[in-house]
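Everything on this sheet refers to the single structure shown next.
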Amino acid sequence: MILLSQIEVEIREVRLSNKPKEMTDLSKKGTVPVLLLPNKEVLDESINIMNWSLNISDPQEIIQSIKNNKKESNLILKKFDSEFKYHLDRYKYHSRYKDNHKLKNKEDHRDLALEILKMIELKLNSKKSWIFGNYPSYLDIAILPFIRQYRIADNYWFDKVMPLKKTHHWLMQFLEWETFLKSMKKYKIWQPEDQPMYFRNYN
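Numbering (our numbering), first residue to last: 36 to 238.
This is the structure:
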């Protein structure tokens with residue numbers, strides 16, 4: 036979202052297996068993204084970083100997409116951030132939860148997440164490329180990381196077996212979107228002595 040908002044930020048590429056102290060001092064979560072604002076406030080949730088960037092600059096009028104579809108967007112977002120994420124974690128990282136007596140087998144968690152994905156399948160059709168129209172909405176962008184990780188858990192199953200073909204097409208066009216490709220650019224692993232590198236999307 037920072038790219039779409041055309042905000043310049045300093046970027047520090049980190050290796051999560053060797054997190055720098057500068058990162059963990061800012062956020063004890065130990066996950067990315069982490070954004071340090073000029074006023075020293077720290078944002079370490081993707082949705083909060085999305086909202087921050089859109090409040091500064093929204094040239095694509097993405098905020099309007101959630102205003103126009105607020106109830107439905109909030110319902111789907113809540114579903115993905117709770118139930119879908121619960122099953123995604125136990126599908127993708129199944130061995131981490133082996134001591135949990137409530138753990139189902141991987142395929143059961145995969146299939147329960149699939150039931151939630153059907154909400155997206157029903158929203159997609161041949162008349163529009165994205166959930167609410169012909170440009171990615173707030174909802175499209177917010178749920179992308181969840182569905183991308185769901186595919187990564189088993190690429191073959193998602194690409195060849197998973198029955199939700201419109202959702203598959205939706206994700207594939209996202210993965211080929213120029214802005215997404217820019218956001219996935221790899222940088223040199225940050226070291227404290229490095230000169231700043233900046234993340235931007237200026238024409």
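No residue lacks a Cβ here, since even glycine has one placed at the ideal position from N, Cα and C.
Just so you know, these numbers come straight off a predicted model, no measurement behind them.
Taking all protein chains shown into account, do 16 or more other C-beta atoms lie within 10 angstroms of the C-beta of W205, making it buried, or fewer, making it exposed?
Looking up residue 205 in the sequence shown gives position 170. The residue is buried, with at least 16 neighbouring Cβ atoms inside 10 Å.
Excluding the five sequence neighbours on either side, which residues of its own chain have a C-beta within less than 7 Å of the C-beta of L61, listed in chain order?
For the purposes of this step, residue 61 is taken as residue 26 along the sequence shown, with counting starting at 1. These residues qualify, in order along the chain: V69, L71 and V77.
If S88 and I37 are in contact, beta carbons under 8 Å, what's the gap, nearest whole angstrom?
The residue labelled residue 88 in the question sits at position 53 within the sequence shown. The residue labelled residue 37 in the question sits at position 2 within the sequence shown. That pair is a contact at about 5 Å.
Can at least three beta-carbon pairs, one atom from the segment 128-142 and one from the segment 167-185, be found at a separation below 8 Å?
Short answer: they don't touch.
Please report how far the alpha carbon of E48 lies from the alpha carbon of A177, in whole angstroms.
Reading the sequence shown from its first residue, position 13 is the one you call residue 48. Reading the sequence shown from its first residue, position 142 is the one you call residue 177. When rounded, the distance between both Cα atoms is 22 Å.
In angstroms with no decimal places, state the Cα-to-Cα distance between Y24 and H203.
No answer is possible for residue 24: it lies beyond the span of the chain, which begins at 36 and ends at 238.
Pairs of beta-carbons, one from the segment 142-155 and one from the segment 121-130, closer than 8 Å: are there three or more?
Touching, per the Cβ criterion.
From the DSSP output, read off the bridge partner residues of K163.
As a working mapping, residue 163 is identified with position 128 in the sequence shown. DSSP lists N160 as partners of K163.
Count the other C-beta atoms from every protein chain shown that fall within 10 angstroms of the C-beta of L152, then say buried if there are 16 or more, exposed otherwise.
Here residue 152 refers to the residue found at position 117 when the sequence shown is read from its first residue. Buried, since its Cβ has 16 or more Cβ neighbours within 10 Å.
Quick check: what's the CA-CA separation for W165 versus S100?
Start at 1 with the first residue of the sequence shown, and residue 165 comes out as number 130. Start at 1 with the first residue of the sequence shown, and residue 100 comes out as number 65. Approximately 11 Å, taken between the alpha carbons.
Have a look at L157, H122, M154 and I155 and flag the residue whose alpha-carbon is nearest the alpha-carbon of N140.
For the purposes of this step, residue 140 is taken as the residue at position 105 of the sequence shown. The shortest Cα separation from N140 among L157, H122, M154 and I155 belongs to H122.
Between Y191, F119 and P55, which has its C-alpha nearest E228's C-alpha?
Residue mapping note: residue 228 aligns to position 193 of the sequence shown, counting from 1. Of Y191, F119 and P55, the residue nearest in Cα terms is P55.
If we ignore side chains and look at the alpha-carbon of each, how far apart do N104 and Q230 end up?
One-based indexing of the sequence shown puts residue 104 at position 69. One-based indexing of the sequence shown puts residue 230 at position 195. N104 and Q230: Cα-Cα distance of roughly 43 Å.
For Y233, which residues from the same chain have a beta carbon less than 8 Å from its beta carbon, with the 5 sequence-adjacent residues on both sides left out?
Counting from one through the sequence shown, the residue named residue 233 turns up at place 198. Around Y233: E43, V44, E45 and I46.
Give the secondary structure of V196 by DSSP, where H, G and I count as helix, E and B as strand, and everything else as coil.
For the purposes of this step, residue 196 is identified with residue 161 of the sequence shown, where counting begins at 1. Of the three classes helix, strand and coil, the one that applies to V196 here is helix, per DSSP.
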